[in-house]
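A.B. asks: My structure is below; once you've seen it, I'll send some questions.
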Amino acid sequence: MQDKLWNPGSQLLPWKPFSNGKQYGLLHLPTSTIIQVEKSIFESFEPMEPSGVPRTIPLEVASFLQRAHEALGPGTPLTKEPINIVSIALNVEESCNLRCTYCYAGDGNYGHDSTMHSDLAIKAVESLSKGKKRFHIAFFGGEPLLNFPLIKEVVAWCEQNKETSYTFGMTTNATLLNSTQLKFLKDHAISIKISYDGDKAQAKQRLLMDKKQNAAALVKKKMIKFKDELEELNMSIRATISKNAVHDFADSIEGILSDFSAKLSYSKVASSDISQSIDEQDVELLGDALSKTVHSLIEKKDFKKLLRITNIAASLRIIHRGYVNRMTCGAGIGYMSVSTKGEYFLCHRFTESAEEKIGDVRSGLDLKKLEQFQDYRSGNHAPCNTCWMQKYCRGGCFQENKLKHGSWFEPSVIFCRLQEIELSLALEAYLAINAEDPKLLESL
Ligand code: SF4
Ligand code: SF4
């Protein structure tokens, strides 16, 4: 019995022990179920005595764990998700009025300035959403506000097509935002995500077209001017952190959370430019900053603010709802991007990258090419098959994997490490919220 349950060094145990220093828990990995336990049971999972001698697990603890494991069951095996694209990033404009230093689209234009035509956009939406009950369109770029007339035409077309229920979003740098556009977004329930990195990081990373002056004041001015309208629209903020701004990450999260009431998601830069890209050391610094913020919010019991950090809230939702067999993303399975020329790509970060082209509006999706991504997400391959996060991840980010190893199918340790930090912090937060305000978990 002990061999099955206790195998120091292996990640194949059915339990992941965790604690926030006050409460103790075990995550049952096959079913994603949390059980709260006594400190002594948690401590049984410490692999070594302080002297370095392997610890032996008490028989009654082993017996308790075995019974709990049997009661919870083996969980479901990895499933093969059908290819069913229900969400797209529609690149309405491949040019931008800013010149952010980390932009994966070069100068925001993917190597060439181009604008999507509405007939092509509608053709792509029509063919990809045909026969589907729901379909999500994220207006994307470059800067999508540079082609607002097309957005209006696409929305009008979708609203008269009653076969499918369409939802809309837009990611924008907000510098061109005006009250007429905001009214349109509100009238048509288009959610808005504003790219804003926090004051210091923004000033370093987001440049105007002269590549010298920064866009920080410009963006913040718009967010302050339209604060009420943006709150009504349930705006979210997206912060991107490059190597140059790693030390500003804590300021970014804390500043944005206190200046605005919006939800905040953050993303690390993954670029072939090593002067921008986050490496193994940087990810530890990001993790330290994130841990400091999350621990401080737990300490203050400010869980509402904590849950505005989308990366942590999303992990908490998965854990609380007991979701298993999740994927990092739906790229190539449920999600993809469409370029201004009507070509299809694996996801927004791969737009205009020939190797990740997966079809076009004329010939449709290249299902043969997509099968390899589908197979990878359902495969029980190393190193994921010995990773405690497999049931929430299934292989990481194709773009980060390729950048690190030249292969979509070899996980990037940098991705894995940040995910481990986020999930571990979410587990710690789970115990605290469950003890103080469990109803909050139900709202996730
Ligand atoms: S990609 Fe990394 S974090 Fe995800 S399951 Fe594989 S090893 Fe684990
Ligand atoms: S492959 Fe990576 S960048 Fe593309 S959608 Fe998935 S997680 Fe995001």
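Using this note's numbering, you'd call the opening residue of the sequence shown number 49 and step up by one each time.
Here a beta-carbon is modelled for each residue, glycine too, at the ideal position from N, C-alpha and C.
Predicted model only: the values in this text are computed from it and were never measured.
Looking at the unbroken alpha helix (DSSP H) that takes in H368, where does it start and where does it end?
C.D. replies: Looking at the DSSP string, the run of the alpha helix (DSSP H) that includes H368 is 358 to 369.
A.B. asks: Between which residues of its own chain and L489 is the CB-CB distance below 8 angstroms, once the five residues before and five after are set aside?
C.D. replies: L364, H368, Y478, I481, N482
A.B. asks: Opposite K405 in the DSSP bridges: which residues?
C.D. replies: F393
A.B. asks: Is it right to say S306 is buried, meaning 16 or more other beta carbons lie within 10 angstroms of its own, or is it exposed?
C.D. replies: exposed
A.B. asks: Cβ-heavy atom distance between Q447 and ligand 2 below 6 angstroms?
C.D. replies: yes
A.B. asks: Helix, strand or coil for F308, going by three-state DSSP, please let me know.
C.D. replies: coil
A.B. asks: Any idea which residues DSSP pairs Q84 with across the strands?
C.D. replies: G73
A.B. asks: Measure the C-alpha to C-alpha separation of A474 and F66 and round it to an integer number of angstroms.
C.D. replies: 10 angstroms
A.B. asks: Tell me which residue opens and which closes the alpha helix (DSSP H) that R286 is part of.
C.D. replies: It is not in any alpha helix (DSSP H) - R286 instead sits in the beta strand (DSSP E) that spans 284 to 289.
A.B. asks: Per DSSP, N139 forms a beta bridge with which residues?
C.D. replies: F188
A.B. asks: Could you tell me the boundaries of the alpha helix (DSSP H) in which F7 lies?
C.D. replies: Residue numbering for the chain in the displayed model covers 49 to 492; residue 7 lies beyond these limits and cannot be assessed.
A.B. asks: Between S284 and S313, which are expected to be in contact by the criterion C-beta below 8 angstroms, what is the C-beta distance as a whole number of angstroms?
C.D. replies: 7 angstroms
A.B. asks: For M437, is the beta carbon positioned less than 6 angstroms from some heavy atom of ligand 4?
C.D. replies: Ligands in the displayed structure: ligand 1 and ligand 2; ligand 4 is not one of them.
A.B. asks: Would you identify the three-state DSSP class for F183, choosing helix, strand or coil?
C.D. replies: strand
A.B. asks: Span of the alpha helix (DSSP H) holding P486?
C.D. replies: 486 to 490
A.B. asks: Tell me which residues share the same chain as K270 and place their Cβ nearer than 6 angstroms to its Cβ, disregarding the 5 neighbours each side in the sequence.
C.D. replies: Excluding residues within five positions, the ones whose Cβ falls inside 6 angstroms are A222, L225.
A.B. asks: Identify the residues that DSSP records as bridge partners of S411: which are they?
C.D. replies: Beta-bridge pairing links S411 to no other residue.
A.B. asks: What's the C-alpha gap between D299 and V461?
C.D. replies: 25 angstroms
A.B. asks: Rounded to a whole number of angstroms, what is the C-alpha to C-alpha distance between H76 and L471?
C.D. replies: 14 angstroms
A.B. asks: Quick one: Cα of Q329 to Cα of H295, how far?
C.D. replies: 12 angstroms
A.B. asks: Which residues in the same chain have their Cβ closer than 6 angstroms to the Cβ of D350, if we skip the five residues on either side of it in sequence?
C.D. replies: none
A.B. asks: Quick check: the Cα distance between L281 and E108, rounded to an integer number of angstroms?
C.D. replies: Taken atom to atom, the span from the alpha-carbon of L281 to that of E108 is near 54 angstroms.
A.B. asks: Reducing DSSP to helix, strand and coil, say where A153 ends up.
C.D. replies: coil
A.B. asks: Can you check DSSP and say which residues form a bridge with P65?
C.D. replies: L74
A.B. asks: Inspect the beta-carbon positions of Y383 and I406 and report whether they are closer than 7 angstroms.
C.D. replies: no
A.B. asks: Leaving out five residues on either side along the sequence, give the residues of the same chain with a beta carbon under 7 angstroms from the beta carbon of S491.
C.D. replies: none
A.B. asks: Drop a sphere of 10 angstroms on the beta-carbon of K450, count the other beta-carbons inside from all chains shown, and report buried for 16 or more, exposed for fewer.
C.D. replies: By the 10 Å Cβ count, K450 comes out buried.
A.B. asks: With a 10 Å radius around its C-beta and 16 neighbouring C-beta atoms as the bar for buried, classify N55 as buried or exposed.
C.D. replies: Because N55 sits at a pLDDT of 36, beneath the cut-off of 50, its placement in the model cannot be relied upon, and the point is left open.
A.B. asks: Between G443 and R465, how many whole angstroms is the CB-CB distance? I'm expecting something under 8 angstroms.
C.D. replies: With 8 angstroms as the limit, G443 and R465 do not qualify as a contact, their Cβ atoms being about 15 angstroms apart.
A.B. asks: What is the residue span of the alpha helix (DSSP H) that F112 lies within?
C.D. replies: 107 to 120
A.B. asks: Express the C-alpha separation of L138 and K234 in angstroms, rounding to a whole number.
C.D. replies: 19 angstroms
A.B. asks: Mapping the DSSP letters down to three states, classify S344 as helix, strand or coil.
C.D. replies: Helix, per DSSP.
A.B. asks: Taking C-beta to C-beta, are A264 and Q250 nearer than 7 angstroms?
C.D. replies: yes
A.B. asks: Grouping DSSP H, G and I as helix and E and B as strand, with all else coil, what is T220?
C.D. replies: Here T220 sits in strand by DSSP.
A.B. asks: Find out if the Cβ-Cβ distance for the pair S380, D408 is shorter than 7 angstroms.
C.D. replies: Looking at the sequence provided, one finds Gly at residue 380 rather than Ser. No, Cβ-Cβ distance for G380 and D408 is not below 7 angstroms.
A.B. asks: For F297 and S239, what's the separation of their Cα atoms in angstroms?
C.D. replies: 25 angstroms
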